[in-house]
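**Q**
Chains as they are written, first to last, in the numbering used here: chain A, 3 to 335; chain B, 18 to 365.
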């Protein structure tokens with residue numbers, strides 16, 4: 003075993019242990035407190051939990067790569083909303099409406115293209131201006147939200163297509179369509195980040211940008227690609243979610259960036275860049291959703307969830323720091 | 018660093034060929050203009066905006082309108098003053114939005130239970146406790162401020178909802194309370210929120226620019242290690258910055274509550290990022306060590322006047338989001354471009 007791989011295993015494993023702990027807690031204590039007849043660990047309930055984790059989870063996969071690369075993206079919530087508006091509105095365009103159900107793939111394409119384009123704008127600005135990604139995406143969070151409002155005013159955009167709803171509600175091998183998308187995205191991002199040159203370079207850039215530059219890695223294009231990916235994934239998340247619900251408010255997706263970052267940090271990815279992996283992020287996403295669902299199961303009001311998740315986030319940060327400090331001290335002696 | 022920055026221009030021009038061939042000659046003058054714009058850019062932009070909007074609609078510059086804009090920017094402005102301290106010390110405070118909802122809801126609720134005279138100090142004390150918790154985690158435990166205050170954003174929102182039970186909070190006897198004095202009264206024709214904002218801005222401005230504490234804030238944000246070695250207690254300085262931020266948030270909550278005498282739980286939601294935008298627009302660097310209270314005030318006013326000006330020329334309120342986006346990026350970009358002496362970043 004390489005030095006440090008044990009602590010790495012402990013850290014990547016920790017989030018899954020936490021998920022198991024949550025499941026045990028809500029399965030035993032939750033069921034005693036709960037007034038509902040169905041047990042928390044009923045398969046249907048667990049499958050539903052996974053399905054509901056998908057919208058945040060799909061974006062979190064892109065955020066993991068962005069954060070490994072040493073950047074951050076605060077505009078994902080606005081991108082999510084704009085892609086949703088384009089998805090639903092484009093289906094009512096005359097030439098699209100005339101196409102019947104063949105309009106669906108085209109509408110998906112438009113929404114995903116818009117997402118990738120918004121991501122590319124962020125990436126290009128970060129690359130070419132050298133302004134910190136936090137500021138760039140803070141700005142575009144406002145700007146993209148403004149575009150959502152300019153598109154359709156303050157009205158909700160609605161277009162319920164039953165073929166789409168059937169597709170989004172379908173269950174294949176028990177798992178819902180959104181869950182399949184989440185798993186597919188996770189698998190793809192795992193492959194991209196661990197098995198490709200691009201993924202390896204993303205770690206290198208996040209770990210030590212100067213060293214990466216000196217090693218001849220072109221930092222800019224890698225950052226651009228990562229922003230395109232997260233824009234695309236934010237749109238994919240919208241596509242999966244709004245295919246089912248069929249109506250989007252201009253304020254939808256607000257605070258998504260914060261939920262996504264919370265999930266990624268719970269999964270052990272460092273803001274400073276250079277470390278993290280998508281499998282642990284999946285754990286973080288599931289942990290949050292199980293917590294929400296479990297507290298709801300116990301009859302706790304929704305506000306408690308915010309309180310608990312906030313405190314857990316801080317506790318994880320603290321524990322992680324303590325473990326790392328201990329590890330480094332152990333190496334010294 | 019020097020090695021990397023020396024290397025990259027050559028590879029950059031080799032890769033991009035013809036397009037960059039003109040930059041050495043044009044680059045200098047560009048840097049000169051950019052340098053001027055970066056030093057005084059925020060003021061220049063402010064003046065240009067004011068002239069432009071005045072030409073478009075003369076009502077824009079009327080005293081009533083100007084006072085109205087400053088008045089409605091005061092709440093955001095007061096919060097931005099505190100966040101300026103935190104940002105200069107090299108940290109972030111994303112919890113100010115939900116902390117503002119907390120203080121608004123708490124003071125409105127306590128108003129009817131223990132009277133305004135006790136409710137106000139009680140609310141300040143509770144809000145300062147939250148600020149102290151932030152300061153303890155970031156200052157003494159040295160945890161990452163972005164994540165800590167992100168967690169606090171969520172936690173305080175939960176706390177607010179638990180306090181109010183999710184219901185809107187209203188003062189029962191709206192006509193018979195003197196509590197409305199902070200948000201609705203005028204002194205010498207000037208609305209109270211403006212006076213409080215300006216008073217707080219001058220006090221904190223002097224504190225930051227003229228006192229030893231202010232210099233410690235810059236030192237800690239500029240180079241924390243050097244500050245520690247020169248005997249500055251970093252943790253205590255950061256802690257105090259978060260207390261100042263919480264104090265400003267409590268003041269903002271008081272203004273908000275006093276102005277509307279009733280509130281939803283979501284009142285401050287999303288304001289943390291608007292506040293940060295104003296502070297950055299004022300030229301404070303997120304890396305810490307730079308920024309002033311005066312520039313933050315200008316940043317706040319720019320956001321307020323843009324919003325108002327766009328409405329007056331007949332555009333929808335949401336156009337301001339897009340305009341703000343462009344302005345923030347341009348402001349920070351020109352600032353960086355002036356420091357490095359070239360417009361485009363040297364990132365390959």
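All C-beta atoms in this analysis are idealised placements derived from N, C-alpha and C, irrespective of residue type, glycine included.
(1) Who are the neighbours of residue 185 of chain B on chain A, taking C-beta pairs under 8 Å?
(2) Straight-line CA distance for residue 81 of chain B to residue 324 of chain B?
(3) Find out if the Cβ-Cβ distance for the pair residue 63 of chain A, residue 283 of chain A is shorter than 9 Å.
(4) According to the Cβ coordinates, are residue 90 of chain B and residue 280 of chain B closer than 9 Å?
(5) Does the Cβ-Cβ distance between residue 148 of chain B and residue 285 of chain B come in under 9 Å?
(6) Name the DSSP beta bridge partners of residue 302 of chain B, please?
(7) What does residue 170 of chain B reach in chain A if we use C-beta pairs closer than 8 Å?
(8) Name the residues in the region 282-309 of chain B whose C-beta lies less than 7 Å from a C-beta of chain A; which are they?
(9) Closest to residue 268 of chain A by C-alpha separation, out of A:256, A:314 and A:255, would be which residue?
(10) Around the C-beta of residue 157 of chain B, are 16 or more other C-beta atoms found within 10 angstroms, so that it is buried, or is it exposed?
(11) Could you check the C-alpha separation between residue 241 of chain A and residue 227 of chain B for me, to the nearest Å?
(12) Measuring straight from C-alpha to C-alpha, what distance separates residue 97 of chain B and residue 72 of chain B?
(13) Taking the C-alpha atoms as reference points, what is the distance between residue 321 of chain A and residue 277 of chain B?
(14) By the DSSP assignment, the alpha helix (DSSP H) with residue 189 of chain A in it spans what residues?
(15) Less than 9 Å between the beta carbons of residue 313 of chain B and residue 296 of chain B, yes or no?
(16) Going straight from the alpha carbon of residue 85 of chain A to that of residue 253 of chain A, what length do you get?
(17) For residue 305 of chain B and residue 264 of chain B, I'd like the C-alpha separation in whole angstroms.
(18) Are residue 121 of chain B and residue 270 of chain B close, meaning C-beta to C-beta below 9 Å?
(19) Which chain B residues sit within Cβ distance under 8 Å of residue 152 of chain A?
(20) From residue 150 of chain B to residue 94 of chain A, what does the alpha carbon distance come to, in whole angstroms?
(21) Is the CB of residue 225 of chain A under 9 Å away from at least one CB in chain C?
(22) Can you list, in chain order, the residues of its chain whose CB lies under 6 Å from that of residue 187 of chain A, leaving out five sequence neighbours each side?
(23) Using CA coordinates, which residue listed in B:354, B:358, B:346 and B:116 is at the minimum distance from residue 127 of chain A?
(24) Please report the distance separating the alpha-carbon of residue 294 of chain B from that of residue 140 of chain A.
(25) Grouping DSSP H, G and I as helix and E and B as strand, with all else coil, what is residue 159 of chain A?
(26) Name the residues in the region 296-312 of chain A whose C-beta lies less than 8 Å from a C-beta of chain B; which are they?
(27) For the region 126-143 of chain A, which residues have a beta carbon sitting closer than 9 Å to at least one beta carbon of chain B?
**A** Considering the structure as presented:
(1) Chain A residues near residue 185 of chain B: none, gap ~14 Å exceeds 8 Å.
(2) 16 Å
(3) yes
(4) no
(5) no
(6) Beta-bridge pairing links residue 302 of chain B to no other residue.
(7) Correct list: 260 and 312.
(8) 287, 290, 293, 294, 297 and 303
(9) Taking the Cα of residue 268 of chain A as reference, the smallest distance to any Cα among A:256, A:314 and A:255 is reached at A:314.
(10) exposed
(11) 54 Å
(12) 30 Å
(13) 42 Å
(14) 179-197
(15) yes
(16) 13 Å
(17) Here the alpha carbon of residue 305 of chain B sits roughly 21 Å from the alpha carbon of residue 264 of chain B.
(18) yes
(19) 333, 335, 336 and 339
(20) 51 Å
(21) In summary, chain C is missing from the structure at hand, where the protein chains are A and B.
(22) 60 and 63
(23) B:346
(24) 8 Å
(25) strand
(26) 303, 304, 305, 306, 307, 308, 309, 310, 311 and 312
(27) 127, 128, 129, 130, 131, 132, 133, 134, 136, 137, 138, 140, 141, 142 and 143
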